[in-house]
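Below: one structure, written as structure tokens.
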Amino acid sequence: MPVYEQVKQALQDILAPELQALKAEIKRLDERVESLRNELLAEIRGVDERLKSTKTELLTEIRRVEGRVDALDEKFTGRLNALEEKFTERLNALDEKFTGRLDALNEKFEGLKHEVRTVLEIRERLAAVEARVGITRP
Numbered sequence: 193m194p195v196y197e198q199v200k201q202a203l204q205d206i207l208a209p210e211l212q213a214l215k216a217e218i219k220r221l222d223e224r225v226e227s228l229r230n231e232l233l234a235e236i237r238g239v240d241e242r243l244k245s246t247k248t249e250l251l252t253e254i255r256r257v258e259g260r261v262d263a264l265d266e267k268f269t270g271r272l273n274a275l276e277e278k279f280t281e282r283l284n285a286l287d288e289k290f291t292g293r294l295d296a297l298n299e300k301f302e303g304l305k306h307e308v309r310t311v312l313e314i315r316e317r318l319a320a321v322e323a324r325v326g327i328t329r330p
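Using the numbering used here, the first residue of the sequence shown is number 193, and each one after it goes up by one.
The structure is reproduced here in structure tokens:
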């Protein structure tokens with residue numbers, strides 16, 4: 193057998209079992225990687241489902257809170273409107289009351305003005321009469 197054939201045979205005898213062992217190991221590792229990939233995908237699906245469930249729960253809670261906020265807003269708006277109406281009524285009542293009193297004071301003032309004019313006219317007439325009669329005042 194020539195040397196080349198002997199070296200070739202020796203390498204095949206030594207390397208062939210090692211190559212077979214490496215192929216078997218690679219196949220086992222490929223299977224393990226595929227198994228881990230499937231496990232990871234299953235975990236991802238599980239996490240995805242939990243996230244969807246949590247999202248649904250959160251949306252439900254948000255809607256519930258929004259409903260409560262809307263109810264409180266309506267209640268607050270109703271109370272605010274009622275207070276505004278009461279305030280407006282009281283303000284209008286005070287306005288009418290003060291307007292009435294101011295009108296009465298204006299009437300009294302006009303009456304007093306008329307009386308003062310009358311008193312001044314009487315005083316002027318009295319002064320004229322006293323001057324004609326010759327009465328002097330100190």
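Glycine residues also receive a C-beta, built at the ideal position from the N, C-alpha and C atoms.
Start-to-end residues for the alpha helix (DSSP H) that takes in P209:
V195 to V325
How many Å lie between L207 and D222 at the Cα?
Their backbone Cα atoms lie some 22 Å apart in a straight line.
Expressed to the nearest angstrom, what Euclidean distance is found between the alpha-carbon atoms of G292 and L275?
Answer to the nearest angstrom: the Cα atoms are 25 Å apart.
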